[in-house]
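Trainee: Once you've had a glance at the structure underneath, I'll fire off some questions.
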Amino acid sequence: MKMNILCSDEFWMYRAIRLAYYAEYEGEVPVGSIITLNNEVIGEGWNCSIKNSDPSSHAEIVSLRQGGKYINNYRLLQTTMYVTLEPCIMCMGAIIHARVERLVFGAENSKKNGVVKILLSLSNILEINHNINITSGVLEKLCSLQLKNFFRQIRCKIKTIFYW
1 MKMNILCSDE FWMYRAIRLA YYAEYEGEVP VGSIITLNNE VIGEGWNCSI
51 KNSDPSSHAE IVSLRQGGKY INNYRLLQTT MYVTLEPCIM CMGAIIHARV
101 ERLVFGAENS KKNGVVKILL SLSNILEINH NINITSGVLE KLCSLQLKNF
151 FRQIRCKIKT IFYW
């Protein structure tokens, strides 16, 4: 049985990667996020904290806000979020609060800011009343490469400034 490419995690993750390039173009950390409901995009976003002077303008938060407006409800029941990087604690809290059904992310957050595994292991202790189905590692190499290249360019710019 073949899976329809338009319904696959890879299809949506490619779209999230494309959104992450908007963030990179604007000088932001390249993270993109898409929220789908019944295989239709209801929210999308990319990091824009610097541009908006708003520390909460992470890709996930932007897409959650857009999704909530689209369905006129802060509870995004039966939705799937695709994000290129494992969410931070702020974003994960918002994802749980919004009742997103499924989270799919590409790259693990190697800077120890990702909290998905920690929250999963503590969910019984913390009595979190919403369980999210989580899929990790979708197009992980592409997502990681995008981030690594961005930070490599930043480091090169910094070296150039200090050497002149």
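The sequence shown runs 1 to 164 under the numbering used here.
Just so it is clear, CB atoms sit at the ideal spot from N, CA and C, and this is done for glycine as well.
Would you mind sorting Cys156 into buried or exposed? The rule is 16 or more other CB atoms within 10 Å of its CB.
Mentor: Per the 10 Å Cβ criterion, exposed.
Trainee: Taking the beta strand (DSSP E) that Arg102 falls in, what are its first and last residues?
Mentor: Arg102 -> beta strand (DSSP E) spans Arg102 to Ala107.
Trainee: Could you pull out every residue in the same chain whose Cβ sits closer than 8 Å to the Cβ of Ser49, ignoring the five residues on either side in sequence?
Mentor: Glu28, Pro55, Ser56, Ser57 and His58.
Trainee: Grab the span of the beta strand (DSSP E) containing Leu37 for me, first residue to last.
Mentor: Residues Gly32 to Leu37.
Trainee: Would Thr80 be called buried (16 or more neighbouring beta carbons within 10 Å of its own) or exposed?
Mentor: Counting Cβ neighbours within 10 Å, Thr80 comes out buried, since at least 16 surround it.
Trainee: Of all the CB atoms in chain C, is at least one closer than 8 Å to the CB of Asp54?
Mentor: Annotation note: the requested chain C is absent from the structure, which comprises a single protein chain.
Trainee: According to the neighbour-count rule (16 or more other Cβ atoms, all chains shown, within 10 Å of its Cβ), is Leu77 buried or exposed?
Mentor: Result: exposed.
Trainee: Distance check for Tyr22 and Ser88, CA to CA, integer angstroms please.
Mentor: Strictly speaking, residue 88 in this sequence is Cys, with Ser absent from that position. Each residue's Cα considered, the two are about 20 Å apart.
Trainee: Just the C-alpha distance for Leu103 and Lys51, rounded to the nearest angstrom, thanks.
Mentor: The alpha-carbon atoms of Leu103 and Lys51 are separated by roughly 26 Å.
Trainee: Enumerate in chain order the residues of its own chain whose CB-to-CB distance from Ser63 is below 6 Å, with the five nearest sequence positions on each side excluded.
Mentor: For Ser63, where only same-chain residues beyond five positions count, the Cβ hits under 6 Å are Ser33, Ile35, Gly43, Glu44 and Gly45.
Trainee: Apply the 10 Å Cβ neighbour rule to Thr135 and answer buried if 16 or more other Cβ atoms are within range, or exposed otherwise.
Mentor: With fewer than 16 Cβ atoms within 10 Å of its Cβ, Thr135 is classed as exposed.
Trainee: Mark Leu145 as exposed unless 16 or more other C-beta atoms lie within 10 angstroms of its C-beta, in which case mark it buried.
Mentor: Leu145 comes out exposed.
Trainee: Do Glu60 and Ile96 come within 8 Å of each other at the CB atom, strictly closer than that value?
Mentor: Contact: no.
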